[in-house]
Amino acid sequence: WVQIIDGVSEQQVWVKAFPASEAELWSLGETIAEAVAPQIWTQIDLAERNRSLVLSTLAGDSYGLYWRANALMRQWERESGLEAMQLTQELVAVNPNCALSAGLAAFCHANAFAFEWVADLAAARRMAIRHFQDAVRLGGNNVEALGYAAGTLVAIRGNLAVADGLIDHGLSLLPAHQPTLFWGGW
Numbered sequence: 009w010v011q012i013i014d015g016v017s018e019q020q021v022w023v024k025a026f027p028a029s030e031a032e033l034w035s036l037g038e039t040i041a042e043a044v045a046p047q048i049w050t051q052i053d054l055a056e057r058n059r060s061l062v063l064s065t066l067a068g069d070s071y072g073l074y075w076r077a078n079a080l081m082r083q084w085e086r087e088s089g090l091e092a093m094q095l096t097q098e099l100v101a102v103n104p105n106c107a108l109s110a111g112l113a114a115f116c117h118a119n120a121f122a123f124e125w126v127a128d129l130a131a132a133r134r135m136a137i138r139h140f141q142d143a144v145r146l147g148g149n150n151v152e153a154l155g156y157a158a159g160t161l162v163a164i165r166g167n168l169a170v171a172d173g174l175i176d177h178g179l180s181l182l183p184a185h186q187p188t189l190f191w192g193g194w
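Just so you know, we're using my numbering here: the sequence shown kicks off at 9 and counts up by one.
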């Protein structure tokens, strides 16, 4: 049995049995990790976003840039969205072969297009498509990148059949991944 206990309330928030013999226990690690990760992903995501808003981000710090841009983008306001878009430009320059960086950059540019936060909407859409292509090329099995890519297509009024395919693939990799389920709903 594996349990997740809330450290503050001491309440059990999740439990699952993994039947196995004693000899098989060590081989269950990956199976258990795959079951536990979706249960705690949202809490980790929220904590990192909140933390990134109070800490300063150093130039070239791809981890800090990603989480700060992610948090700013989720404020759904023009100024924070534009700052997130600028940060993702720095992020992809620092980390050009990262599907997650490209996916977030695509999504930020797509939001600038969708919410008309910039004067040149066509340029924002082109940048969203460019980063979308990089995200898909680099992250064929990265569920986060696939989710951002699908969200990008929704925001730029792109091919929703392709977005559906990305979501289906993401769900085949990690069926309980909440952000992928969210974009699947869209």
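All C-beta atoms in this analysis are idealised placements derived from N, C-alpha and C, irrespective of residue type, glycine included.
Since we're looking at a predicted model, the values are computed, not measured.
* To do: Grab the span of the beta strand (DSSP E) containing Trp-22 for me, first residue to last.
  => Counting from 1 along the sequence shown, the entry for residue 22 is found at position 14. Where Trp-22 is concerned, the enclosing beta strand (DSSP E) stretches over 20-24.
* Asked: Going straight from the alpha carbon of Met-93 to that of Ser-64, what length do you get?
  -> Looking up residue 93 in the sequence shown gives position 85. Looking up residue 64 in the sequence shown gives position 56. In this structure, the CA atom of Met-93 is about 17 angstroms from the CA atom of Ser-64.
* Asked: Under 8 angstroms between the Cβ atoms of Arg-133 and Phe-115?
  -> On the sequence shown, residue 133 is found 125 positions in, with the first residue counted as 1. On the sequence shown, residue 115 is found 107 positions in, with the first residue counted as 1. Taking 8 angstroms as the Cβ cut-off, Arg-133 and Phe-115 do not qualify as a contacting pair.
* Asked: Going by the CB atoms, is the gap between Ala-110 and Ala-153 shorter than 8 angstroms?
  -> Here residue 153 refers to the residue found at position 145 of the sequence shown. Here residue 110 refers to the residue found at position 102 of the sequence shown. Taking C-beta atoms as the reference points, Ala-153 and Ala-110 count as a pair closer than 8 angstroms.
* To do: Please name the residue, chosen from Ala-28, Arg-86 and Thr-96, that lies closest to Leu-73 on a Cα-to-Cα basis.
  => For the purposes of this step, residue 73 is identified with residue 65 of the sequence shown, where counting begins at 1. Looking at the Cα atoms, Thr-96 is the closest of the given residues.
* **Contact under 8 angstroms by Cβ, Ala-184 with Gly-147** => The residue labelled residue 184 in the question sits at position 176 within the sequence shown. The residue labelled residue 147 in the question sits at position 139 within the sequence shown. No Cβ-Cβ contact shorter than 8 angstroms links Ala-184 with Gly-147.
* Measure the CB-CB distance between Trp-9 and Val-21 and report whether it falls below 8 angstroms. => Within the sequence shown, numbered from 1, the residue matching residue 9 stands at position 1. Within the sequence shown, numbered from 1, the residue matching residue 21 stands at position 13. If you check the CB distance, Trp-9 and Val-21 do not come in under 8 angstroms.
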